[in-house]
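Visitor:
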Amino acid sequence: MPRPRLSPRDVLTPEALLMLQRINEAGSFAAAARESGLVPSALTYRVRQIEDALDVLLFDRSSRQARLTPAGTELLKEGARLLAELDVIANRVKRVATGWEAQLTLSVDGVINRTTLFELCESFFALNPPTRLRLRDEVLSGTLEALTSGHADLAIGVVSETLLPEDVNTLPLGSQPFIFAVAPHHPLARATSPLNEEAIARHRAVAVADSASRGKGLTIGLLGGQDVFTVPGLAEKLDAQLRGIGVGFLPEGLARPHIEAGRLVTPAVSLKPRTLNISYAWRKSAATPGNALAWWLSRLADPVTRKALVTWKQG
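Using our numbering, the letters of the sequence shown correspond one by one to residues 1185 to 1499.
1. Is the Cβ of residue 1374 closer than 8 Å to any Cβ of chain D?
2. Keeping to the same chain, check which residues put their C-beta closer than 8 Å to that of residue 1487; ignore five residues upstream and five downstream.
3. Roughly how many whole angstroms lie between the Cα atoms of residue 1464 and residue 1285?
4. Just verifying my parser: in three-state terms, what is the DSSP assignment at residue 1340?
5. If distances are taken between C-alpha atoms only, which option among 1234, 1229, 1210 and 1207 comes closest to residue 1193?
6. Can you check which of these residues, 1433, 1421, 1326 and 1384, is closest to residue 1290 by C-alpha distance?
7. Out of 1296, 1440, 1259 and 1226, which one is the CA nearest neighbour of residue 1241?
8. With C-beta atoms as the reference, is residue 1448 less than 8 Å away from residue 1389?
9. Counting only the same chain and skipping the five closest in sequence on each side, list residues whose C-beta sits under 8 Å from that of residue 1418.
10. Return helix, strand or coil for residue 1284, following the three-state DSSP convention.
11. Which of the three DSSP states is assigned to residue 1414 in this structure?
12. Can you round the beta-carbon distance between residue 1288 and residue 1424 to whole angstroms, since I take them to be within the 8 Å contact cut?
13. Pairing CB atoms from the segment 1261 to 1275 with CB atoms from the segment 1191 to 1209, are three or more of them under 8 Å?
14. Quick check: the segment 1346 to 1361 against the segment 1309 to 1323, are there 3 or more CB pairs under 8 Å?
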């Protein structure tokens, strides 16, 4: 019975790719066979197996030299990349065995200063860790939900209004004052007396959508019966309020440059001052945290880092 035809996966092994590289570098099958300690016919047979499985010719045999066809050139180029990736994987596995996580996912609330966050990421990558880092943009209760659902390992920016489960560790990160701001051309900008809830509720509010996939999520600062324009993040909320589409509270550091430039105004309100208390959280575990999580927790323990993460600065 004829032998079943081999598939590309059967023949495209690291050993086969190295053999093809050796033939190309040696310039002939005979020279490569001598270097490999094989007879030329054995080497030729192995190349034929690869060519049959791929249904292509890899070498031009019209001369004594082994010259790559375009298909052979492409295979060697991709093969070199795959061999390099195998080396990277092997090194990563060895380093993971020393206590580094294969991947660390951070769920980060929109109130966190992205400049400081990426400075921390830069410092983390300077360690040349084997851990892949992944960031998830979340809002309000969605920041904690990503952690408790197993989709994140560390939640940065958990708001105090979020109910914390017992299997989660949490520490305070800081607080952010919010101020009521509107565009100069918005009707509320002309108010001559402090605005109460009834006066504000007559106008559309701009709210950031809670990213939680389960439950109703959190709503902060909205009044009963108020029309709402819901946007995905703080950058969009700021833009909407600069355009006069709606009103609402903004982090003071985010709004201050626009207030100083006259693009926003802050009419007096009779509402209580708003401050958002923020924490960071990670799951409790009997095991010692991996090196990557331990590094992030050590950085978050620094009061200067915590303050920078909750302080908005505009360039």
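Every residue gets a Cβ at the ideal spot worked out from N, C-alpha and C, and that includes glycine.
Owing to the predicted nature of the structure, the values given are computational and were not obtained by experimental measurement.
Guide: In brief:
1. Looking for chain D here will not work: only one protein chain is present.
2. Contacts found: none.
3. Going by the C-alpha atoms only, they are around 20 Å apart.
4. strand
5. Here the closest residue by C-alpha is 1234.
6. 1326
7. Measuring from the Cα of residue 1241, the nearest candidate turns out to be 1259.
8. no
9. 1294, 1295, 1392, 1434, 1435 and 1438
10. coil
11. Here residue 1414 sits in strand by DSSP.
12. That pair is no contact at about 34 Å.
13. yes
14. no
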